[in-house]
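In what follows, a single structure is set out as structure tokens and then discussed.
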Amino acid sequence: MIDLLLLSAALFFGLLTVYSRDNVYSAVSLASAAGAVGAYYAYLAQFASAFLIFVIYIGAVMLLVIITAAMYGGVQRWGGRYFLAATLLFLAAAALGALLWGAPPAKPMPVQLGDLLTAVIMLIGVAAVSLLVSIEVSKRT
Amino acid sequence: MNPAVVVGFILILLGLYNIAVTRNLVRVLIALELVTVGAFAALAPLAANNPSLLFYGVLILVMISVSEVSILAALIYRNYTLTKATDISAVTSGREV
Chain D
909 MIDLLLLSAA LFFGLLTVYS RDNVYSAVSL ASAAGAVGAY YAYLAQFASA FLIFVIYIGA
969 VMLLVIITAA MYGGVQRWGG RYFLAATLLF LAAAALGALL WGAPPAKPMP VQLGDLLTAV
1029 IMLIGVAAVS LLVSIEVSKR T
Chain H
142 MNPAVVVGFI LILLGLYNIA VTRNLVRVLI ALELVTVGAF AALAPLAANN PSLLFYGVLI
202 LVMISVSEVS ILAALIYRNY TLTKATDISA VTSGREV
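As you go down the protein sequences, you meet chains D and H in turn.
Heads up, our numbering is the position in the first sequence plus 908, with the first residue counted as 1.
Heads up, our numbering is the position in the second sequence plus 141, with the first residue counted as 1.
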């Protein structure tokens, strides 16, 4: 339950990253998505990897990204709307967390990898999509 | 299929889409990091089989993202100091001024 919640939070903030107009809010949403993924790692009891993601990735890389976005052309529009949405989301997450805290603890499901063929097909799919995207971009410019 | 792999794949596709549609170098930087976050999420199911391999995968991804972020930040800084813009179309054949 919590893992699906964390993954959906990562997906939501990823969508917010792409479809936010302002660079600063986009960078902050990206940091939130990375934080959700790091929390998912911590849920899987991979604390060394979660430490790497939280401290090194968010602490150094995301800091550089946010500072770069703030220095060069954040439009600073829709600040109140973004703040309202973030506050509502945080309240909903807090309520859901309190609800889950009171629920009886369930055993976390073991995550299995499946076979290697799926990962290879995924990699080839990503390579093909990136090739298509690069062809389209080079055609346009 | 594992939901983490699906979410990571969707995040990678979103990042590629954002790279394709934007002309702003800062958005390219953010979208590249979104692709890295998607790779983190897609790497997570390795925790069941081989946690040490997962740790080294995360370490390598962090090092890759640090290098690409430093390169893109330097590119943005150079482009901004030369052309006072962060648009890709301001970069023309290496000579901006």
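Even glycine gets a Cβ: it sits at the ideal position worked out from N, Cα and C.
Mark THR1026(D) as exposed unless 16 or more other C-beta atoms lie within 10 angstroms of its C-beta, in which case mark it buried.
On the first sequence, position 118 is the one that residue 1026(D) refers to. The residue in question, THR1026(D), is exposed, as its Cβ has fewer than 16 Cβ neighbours within 10 Å.
For ILE217(H) and chain D, any beta-carbon pair shorter than 8 Å?
As a first step, residue 217(H) must be located in the second sequence, where it is residue number 76. Taking Cβ atoms only, chain D reaches closer than 8 Å to ILE217(H), which makes this a yes.
Name the residue from ILE961(D), LEU971(D) and ALA939(D) whose alpha carbon lies nearest to the alpha carbon of LEU200(H).
Position 59 of the second sequence holds residue 200(H). Distance check between LEU200(H) and each of ILE961(D), LEU971(D) and ALA939(D) places ILE961(D) closest, using alpha-carbon atoms only.
Where the alpha helix (DSSP H) through PRO144(H) begins and ends
Position 3 of the second sequence, counted from the first residue, corresponds to residue 144(H). For PRO144(H), the enclosing alpha helix (DSSP H) covers residues 144–162.
Span of the alpha helix (DSSP H) holding ASP228(H)?
Start at 1 with the first residue of the second sequence, and residue 228(H) comes out as number 87. For ASP228(H), no alpha helix (DSSP H) segment is defined, and its DSSP state is neither H nor E.
Look up ASN878(D) in the DSSP assignment and give the residues it is bridged to.
Summary: the structure shown does not reach residue 878(D), with chain D confined to residues 909 through 1049, and so no result is reported for it.
If we define contact as Cβ-Cβ less than 8 Å, is ILE1029(D) a contact residue for chain H?
Looking up residue 1029(D) in the first sequence gives position 121. It does not; no Cβ of chain H falls within 8 Å.
Using a Cβ-Cβ distance under 8 Å, would SER957(D) count as near chain H?
For the purposes of this step, residue 957(D) is taken as the residue at position 49 of the first sequence. Cβ-Cβ to chain H under 8 Å: yes for SER957(D).
Pick out whichever of ALA968(D), LEU913(D) and ALA993(D) has its Cα sitting closest to the Cα of SER928(D).
Looking up residue 928(D) in the first sequence gives position 20. Distance check between SER928(D) and each of ALA968(D), LEU913(D) and ALA993(D) places ALA993(D) closest, using alpha-carbon atoms only.
Quick one: residues in its chain with C-beta nearer than 8 Å to the C-beta of PHE181(H), no 5 flanking neighbours on either side, listed in chain order?
As a first step, residue 181(H) must be located in the second sequence, where it is residue number 40. Only GLY149, VAL199 and LEU202 meet the Cβ criterion.
Mind checking who ASN190(H) pairs with in its DSSP beta bridge?
The residue labelled residue 190(H) in the question sits at position 49 within the second sequence. DSSP lists no partner for ASN190(H).
Hey, LEU170(H) and VAL973(D): beta-carbon distance below 8 Å or not?
Reading the second sequence from its first residue, position 29 is the one you call residue 170(H). Reading the first sequence from its first residue, position 65 is the one you call residue 973(D). Going by C-beta atoms, LEU170(H) is nearer than 8 Å to VAL973(D).
Counting beta carbon pairs with one atom in the region 151–159 of chain H and one in the region 186–198 of chain H, are three or more of them shorter than 8 Å?
The region 186–198 of chain H makes no contact with the region 151–159 of chain H; the number of CB pairs closer than 8 Å stays below 3.
Cutoff 7 Å; reference ALA942(D); Cβ partners in own chain excluding five residues on either side:
As a first step, residue 942(D) is located in the first sequence; it is residue number 34 there, counting from the start. Result list for ALA942(D): ILE961, TYR965, ILE966 and MET970, in chain order.
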